[in-house]
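Beneath this line is the structure, given in structure tokens, with notes to follow.
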Amino acid sequence: MAKLPALPGTSGRRDWRTAFDAIRKLMANGDDTTQVFRIMRALNVGNGPRNYARLIATVEGGRLASEHVELAERFSDRAFVRQFAPGTVGAAYRAFLETTGYSADGLVQVSKIDSEHQVAHPYAWFGRRVRDTHDIWHVLTGYKADESLGEACLVAFSYAQVGGLGWAFIGGAAALKSLSVTRNTLFARAVWEGYRNGRRARWISGEDYLALLAEPIETARARLGIVTPTAYLKAQHVLGAELASYLSARRDPAAIPELAG
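The opening residue of the sequence shown carries number 3 in the working numbering; numbering runs sequentially from there.
Here you go:
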């Protein structure tokens with residue numbers, strides 16, 4: 003695999019002080035998404051070049067890099083999201099947006115704290131690609147986005163998929179805190195399962211997402227090697243909504259303006 007240089011202007015050193023400050027705030031409030039991007043910027047040193055090199059090492063990845071599509075722009079277009087047939091990944095993503103009130107634009111705004119995501123550079127484009135597909139990974143894996151458990155499991159899955167110490171730092175911290183909060187290991191076991199499932203699956207960041215959205219969701223999961231997260235479903239059931247979401251506020255669809263009316 004090709005080895006590429008670091009992002010120009012970066013030090014190549016991890017900022018542990020910032021990472022620990024951000025993880026403390028994130029563990030106090032799981033909805034403070036800004037802290038996630040602070041942690042990623044502080045710890046994911048060298049992650050961009052490695053993943054970009056992996057992408058362009060294939061014909062399909064080279065095409066995607068050459069086309070340089072900004073996925074947030076597509077995903078924020080309601081007409082684009084509405085076009086997908088029932089049963090497809092795109093339809094499931096549409097339902098996710100409708101029931102959670104989340105949006106691709108929301109992640110873009112929060113991520114602006116990370117200046118590296120904003121620059122005109124291939125690594126930054128790949129970073130935006132990972133950011134913009136985060137919610138689609140929720141849809142594909144079945145991990146809920148409005149609970150601490152689901153987010154921690156997807157973080158572990160993401161670490162297995164794209165590397166980056168920041169993902170491991172967040173998932174590990176959430177799992178460790180869960181031991182004292184839930185008084186059992188179900189949460190932590192589900193997070194570990196998320197990592198194992200991420201290792202088992204194909205490299206999803208190399209997918210053509212515009213084609214993937216039109217694919218039947220069960221077909222896509224089978225093709226990508228995404229399995230049913232049994233430890234997660236067990237933990238979710240046994241812990242219940244309160245403990246599964248001990249860091250985050252679960253959203254009531256009736257409280258989302260565009261859904262309430």
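For every residue, glycine included, the Cβ atom is placed at its ideal position computed from N, Cα and C.
query                                                                                                                             : result
Residues sharing a beta bridge with Pro218, DSSP                                                                                  : Thr90
Length-filtered (4 minimum) alpha helix (DSSP H) runs lying within the stretch 179-247                                            : 188-202, 211-214, 219-226, 232-246
Beta-carbon contacts of Leu249 that lie in its chain and below 6 Å, excluding the five residues immediately before and after      : Gly32, Ser150
Unbroken alpha helix (DSSP H) run spanning Tyr125, endpoints                                                                      : 124-134
Residue environment, Gly63, which counts as buried when at least 16 other CB atoms sit within 10 Å                                : buried
Rounded separation between Asp137 and Ala175 - CA only                                                                            : 21 Å
Contact set for Arg198: own chain, Cβ-Cβ below 8 Å, skip 5 residues either direction                                              : Ala162
Sub-9 Å separation of Thr143 and Ile228 beta-carbons                                                                              : yes
Contacts around Tyr125, its chain only, beta-carbon distance under 7 Å, and the 5 residues preceding and following it disregarded : Leu9, Gly50, Pro51, Tyr54
Secondary structure of Tyr145, DSSP reduced to three states                                                                       : coil
Gly173 classed as buried or exposed, judged by whether at least 16 other C-beta atoms fall within 10 angstroms                    : buried
Rounded straight-line distance, which links the Cα of Asp79 to that of His70                                                      : 17 Å
Buried versus exposed, by CB contacts within 10 Å (16 or more), Leu214                                                            : buried
Backbone secondary structure at Ala74 - three-state DSSP                                                                          : helix
Pro51 - containing alpha helix (DSSP H), residue span                                                                             : 49-58
Distance, Leu28 Cα to Ala74 Cα                                                                                                    : 24 Å
Nearest-angstrom beta carbon gap, Ala237 and Phe159 [assumed within contact, 8 Å]                                                 : Wrong, their Cβ atoms sit about 15 Å apart, outside the cutoff.
Among Gly11, Thr184, Thr135, Arg26, the one whose alpha carbon lies nearest that of Phe98                                         : Thr135
Rounded separation between Arg76 and Arg191 - CA only                                                                             : 36 Å
Residue span of the alpha helix (DSSP H) that contains Val164, given as start and end                                             : 150-164
When Gly200, Trp194, Ser182, His140 are compared against Val164, the one with the closest alpha-carbon                            : Gly200
Assigned secondary structure, Tyr95 (DSSP; H/G/I helix, E/B strand, else coil)                                                    : helix
Cβ-Cβ distance between Gly168 and Ala44 below 9 Å                                                                                 : yes
Anticipated Cβ contact below 8 Å, Thr36 with Ile219, distance rounded                                                             : Incorrect: roughly 31 Å between the Cβ atoms, too far for contact.
For Ala21, the three-state DSSP class (helix, strand or coil)                                                                     : helix
Selected residue, minimal CA-CA separation from Ala233, among Val38, Leu226, Arg131, Ala246                                       : Ala246
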